[in-house]
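S.K.: The following block contains the structure, expressed as structure tokens.
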Amino acid sequence: MSDLMIKCNFFDNIQILCKTIHLLIQTLPLLFYGFSFAIIVASLMKIKPDKMKKIILAFLNVVIMLSAANAQNGINFYRSYAAGGRLAMFVDSAAKNVYYGNIFPNQPQTFFNYLPEVNNVSVQIYFGKTERVQDYRYTILADNKPIVVNKLIETVRLKNADRGEEEIRRSATLGSFSIKDKIITILTYDIQRPQDVYKNVFYGGPIPKAKIKTLAKRFATKKGVDYSYITDPKERTNIIFTRKDDELTIVKDRSDIDYLYYTSIKDKHTNKVIFESTAWQYGGYLDEAYKLSPYIKIDKSIFKKSGDYEIIIQPLIKWDRYSDCDISSEEIEKYVTRHTLSITIDEESYTKLELFTYAAIVTFSIGFVFLVILYLTKKSNKKKLAEKEQEGSMIKLQLNSIRSQLNPHFLFNALSSIQNLINKNEIDSANKYLSKFARLTRNVLKDNERISLLQEKSLLDDYLQMEQLRFGFQYTINHSGDLDLANIEIPSMLLQPFVENAVKHGMEQKTTAGKIMIEFMKQADNLVLTVTDNGTGFDTERKYTGLGLQLSDSRVALLNRVYKENRFILVIQSSINGTKICLTLTDWL
Numbered sequence: 124m125s126d127l128m129i130k131c132n133f134f135d136n137i138q139i140l141c142k143t144i145h146l147l148i149q150t151l152p153l154l155f156y157g158f159s160f161a162i163i164v165a166s167l168m169k170i171k172p173d174k175m176k177k178i179i180l181a182f183l184n185v186v187i188m189l190s191a192a193n194a195q196n197g198i199n200f201y202r203s204y205a206a207g208g209r210l211a212m213f214v215d216s217a218a219k220n221v222y223y224g225n226i227f228p229n230q231p232q233t234f235f236n237y238l239p240e241v242n243n244v245s246v247q248i249y250f251g252k253t254e255r256v257q258d259y260r261y262t263i264l265a266d267n268k269p270i271v272v273n274k275l276i277e278t279v280r281l282k283n284a285d286r287g288e289e290e291i292r293r294s295a296t297l298g299s300f301s302i303k304d305k306i307i308t309i310l311t312y313d314i315q316r317p318q319d320v321y322k323n324v325f326y327g328g329p330i331p332k333a334k335i336k337t338l339a340k341r342f343a344t345k346k347g348v349d350y351s352y353i354t355d356p357k358e359r360t361n362i363i364f365t366r367k368d369d370e371l372t373i374v375k376d377r378s379d380i381d382y383l384y385y386t387s388i389k390d391k392h393t394n395k396v397i398f399e400s401t402a403w404q405y406g407g408y409l410d411e412a413y414k415l416s417p418y419i420k421i422d423k424s425i426f427k428k429s430g431d432y433e434i435i436i437q438p439l440i441k442w443d444r445y446s447d448c449d450i451s452s453e454e455i456e457k458y459v460t461r462h463t464l465s466i467t468i469d470e471e472s473y474t475k476l477e478l479f480t481y482a483a484i485v486t487f488s489i490g491f492v493f494l495v496i497l498y499l500t501k502k503s504n505k506k507k508l509a510e511k512e513q514e515g516s517m518i519k520l521q522l523n524s525i526r527s528q529l530n531p532h533f534l535f536n537a538l539s540s541i542q543n544l545i546n547k548n549e550i551d552s553a554n555k556y557l558s559k560f561a562r563l564t565r566n567v568l569k570d571n572e573r574i575s576l577l578q579e580k581s582l583l584d585d586y587l588q589m590e591q592l593r594f595g596f597q598y599t600i601n602h603s604g605d606l607d608l609a610n611i612e613i614p615s616m617l618l619q620p621f622v623e624n625a626v627k628h629g630m631e632q633k634t635t636a637g638k639i640m641i642e643f644m645k646q647a648d649n650l651v652l653t654v655t656d657n658g659t660g661f662d663t664e665r666k667y668t669g670l671g672l673q674l675s676d677s678r679v680a681l682l683n684r685v686y687k688e689n690r691f692i693l694v695i696q697s698s699i700n701g702t703k704i705c706l707t708l709t710d711w712l
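Residue numbers (the numbering used here): 124 to 712.
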């Protein structure tokens, strides 16, 4: 009801004047007898007329002052105060320091009205024009003892409330109460929403000063945590925080208005507030009446350095929010609890200058060490890079040397085959051989370090078709369907020596019964290349004088030095039923 209109002091004065006149009229008979008695006494005592006039005027002033004072003791219904929610209140005409409609973050449906100088209060409830008044119930407690319980608001008691705003149309008086040194609590709710209970407190007595009952320090143990307690602490308490300590608990004495108090902690050295809390917890701490006491937990980390800190517990009332209240700071201080904590942190602490100096030294040292390490690392890396480049160049030279030996070896074998065909007078076969040999020679003599699987397949096709003219064997070249032959590259002439060896040593005796199968397979991230023939085989443990396999072994060893992350694994299996060469390129795909 924060939008209720508040009438100006003019209406208050009019009401007091009217009441004063009314009381004077009521006391006219008394005045008549009083004047008569005064005249008789004056005659007997022979008092002069001038002195008699002064006595009568003084008597009239006393009567008027008493009437005015009595008029001010009544409730002023011309000025209303927002009591929170739907409620408004009217208080004594001369009452001051009315702290109305206080709300709290942790109690959104509780409204606190502090009335330290009020004797009587009248409370009204307001409804909109279309609201169902019959759905509302209210309960009234005086000093926590019920005087009205779950009562229906009768519509016959409603009256129109002309307050200048359309949404407030009707009101009903819940009662007038003597509030001095008492607590009146009114609970209201809508039966359609019984979970939403609104609590309005009218507090007529002095607010009790909070008292710290216990300080508890939590520390770690082998089994979990434990606490050390300081009960009924004095105005100053010394606390030492060790590495095992992590939390401080403040336990307050229990009251019916715990929600009114909020806690803050101030660093007395910097005068800055380092902690604030408006919510109290319950559980684990019992008072003398075995009721749960309110407490708050404070993390040790808020205390940055050793020194004095002040705990402040005070009512959450904004004293300066009310324009017509003149409570003094000394009076407010009566409601404030202050307690000094002398904190000692069991760790080395430094001044800002010391911290800056140490930080500068550490930063400079780290920077210097970093620069030295960076210089040595760059020097070492440069040396390793040069060595690696030199090693790579040597390996490439060795690979080129091996390739340069393989090429003549291949050409010599091919020319021998052509010579053999000419000697047999197989001129057509020799011509076909020469045609394929010419294309094959162009591809072999190209100085490409790597070629695609598709080019390797084409080269092997040309070579095997040439050799078919001599021996008449059958061959197949297969590959996994998920291999992209055009985009996967391998070192050039990688399989050529193995295929050549299969033709020369396996197909020469088998002729048309000979079979060669070449496969490009994908196994996980590995590329597996196999050459299988059904020749007579050979002894894999024996050293042969031919260059093909020797050069291939050397080339595989060099490739493993170049491609250190991708190992080349060569496996040769041979028996009287044939030979299988398996070359695995690990993590190649």
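The beta carbon of each residue, even a glycine, is placed where N, CA and C say it ideally should be.
(1) Excluding the 5 residues flanking F661 on each side, which residues of the same chain have their C-beta closer than 6 Å to its C-beta?
(2) In the DSSP output, what is T233 paired with across the bridge?
(3) Can you give the Cα-Cα distance for K414 and I380, rounded to whole angstroms?
(4) Taking 8 Å as the cut-off, does the region 226 to 246 touch the region 323 to 331 (at least 3 CB pairs, one atom from each stretch)?
(5) Quick check: the region 246 to 259 against the region 203 to 212, are there 3 or more CB pairs under 8 Å?
(6) Determine whether the beta carbon atoms of F227 and L439 lie at a separation below 8 Å.
(7) Contact between the region 253 to 262 and the region 273 to 282: three or more CB pairs below 8 Å?
(8) Just grab the DSSP bridge partners of P620 for me.
(9) Looking only at its chain, what residues have a beta carbon closer than 8 Å to the beta carbon of V256, apart from the 5 residues adjacent to it on each side?
(10) Return the CA-CA distance between D368 and G407, expressed in angstroms with no decimal places.
(11) Just the C-alpha distance for L706 and Y498, rounded to the nearest angstrom, thanks.
(12) In angstroms, rounded to a whole number, what distance separates the CA positions of T653 and F594?
(13) Among the candidates L383, I484 and E664, whose CA atom is the shortest distance from the CA of V459?
(14) Please classify S503: does DSSP put it in a helix, a strand, or coil?
(15) V348 by DSSP, collapsed to three states: which one?
(16) Between the Cα of Y405 and the Cα atoms of R377, Y385 and A339, which residue gives the shortest distance?
(17) If you compare alpha carbons, which of I306, T467, A680 and N199 is closest to L217?
(18) Alpha carbon to alpha carbon, how far is N110 from V485?
(19) Does N136 come out as helix, strand or coil in the three-state DSSP assignment?
(20) Could you say which of Y352, L464, W442 and D410 lies nearest to D431 if we only look at CA atoms?
(21) Taking all protein chains shown into account, do 16 or more other C-beta atoms lie within 10 angstroms of the C-beta of H628, making it buried, or fewer, making it exposed?
(22) Cutting at 8 Å between CB atoms, please list the residues of its own chain near V106, excluding the five before and the five after it.
(23) Apart from the five residues on each side of it in sequence, which residues of its chain come closer than 7 Å, Cβ to Cβ, to V320?
(24) Check E453 in the structure and name its three-state DSSP category.
(25) By how many angstroms is the C-alpha of L557 removed from the C-alpha of N546?
(26) Check whether the Cβ atoms of K375 and Y445 lie closer than 8 Å to each other.
(27) Checking 8 Å against the spacing of the C-beta atoms, do N242 and I307 come in under that value?
(28) Is T659 closer than 8 Å to I699 when the C-beta atoms are compared?
(29) Taking the C-alpha atoms as reference points, what is the distance between T663 and N624?
(30) Go to K573, then tell me how far its beta strand (DSSP E) extends in each direction, as first and last residue.
(31) Under 8 Å by Cβ, that's how I've got A609 and S575 pegged, so tell me the actual separation to the nearest angstrom.
(32) Do N225 and D449 have their beta-carbon atoms positioned less than 8 Å apart in this structure?
(33) Among the residues of its own chain, which have a CB less than 6 Å from the CB of V651, if the five just before and after it don't count?
(34) Tell me the rounded alpha-carbon separation between N361 and A482.
(35) Counting C-beta neighbours from all protein chains within 10 Å, is the total for T702 16 or more, i.e. buried, or is it exposed?
(36) Helix, strand or coil for N283 per DSSP?
M.R.: A quick look at the data gives this:
(1) Only S697 meet the Cβ criterion.
(2) DSSP, once it has assigned bridges, lists K322 as partnering T233.
(3) Going by the C-alpha atoms only, they are around 15 Å apart.
(4) Judged by Cβ distances under 8 Å, the region 323 to 331 makes contact with the region 226 to 246, as three or more pairs qualify.
(5) Contact between the region 246 to 259 and the region 203 to 212 is present: three or more C-beta pairs spanning the two stretches fall below 8 Å.
(6) L439 is positioned such that its CB atom lies closer than 8 Å to that of F227.
(7) Touching, yes.
(8) For P620, which the question treats as bridged, DSSP gives no partner whatsoever.
(9) Counting only residues of its own chain and dropping the five nearest sequence neighbours on each side, V256 has a CB closer than 8 Å to the CB of F250, I276, T278, L281, R293 and A295.
(10) Each residue's Cα considered, the two are about 19 Å apart.
(11) Computed Cα separation, rounded: 43 Å.
(12) Each residue's Cα considered, the two are about 22 Å apart.
(13) By alpha-carbon distance to V459, the top candidate from L383, I484 and E664 is L383.
(14) If DSSP states are grouped into helix, strand and coil, S503 belongs with the helices.
(15) The answer is strand: DSSP assigns V348 an E or B state.
(16) If we check each option's Cα against that of Y405, R377 comes out closest.
(17) The sequence given here has Ala at residue 217, not Leu. When only C-alpha atoms are compared, the closest one is N199.
(18) For residue 110 there is no data in the structure shown, the boundaries of the chain being 124 and 712.
(19) Note that N136 has pLDDT 46, beneath the 50 cutoff, so the model's placement of it is unreliable and no number is given.
(20) Ranking Y352, L464, W442 and D410 by Cα distance to D431 puts L464 first.
(21) The residue in question, H628, is buried, as its Cβ has 16 or more Cβ neighbours within 10 Å.
(22) The question about residue 106 has no answer here: the residues shown for the chain are numbered 124 through 712.
(23) The answer, listed in chain order, is Q232, L310 and Y312.
(24) Helix at E453.
(25) Put simply, the backbone Cα of N546 is about 15 Å away from that of L557.
(26) Taking 8 Å as the cut-off, the beta carbon of K375 is found no closer than this to the beta carbon of Y445.
(27) In terms of Cβ geometry, N242 and I307 do not form a close pair [threshold 8 Å].
(28) Contact: yes.
(29) Approximately 13 Å, taken between the alpha carbons.
(30) It should be pointed out that residue 573 corresponds to Arg in this sequence rather than to Lys. Annotation: the continuous beta strand (DSSP E) that includes R573 extends over R573 to S575.
(31) The Cβ separation is near 6 Å, so the contact holds.
(32) No, they are not a contact pair.
(33) Only M644 and T707 meet the Cβ criterion.
(34) If you draw a straight line from the Cα of N361 to the Cα of A482, it is about 31 Å long.
(35) Its Cβ being crowded by 16 or more others within 10 Å, T702 is buried.
(36) DSSP places N283 in strand when its eight states are reduced to three.
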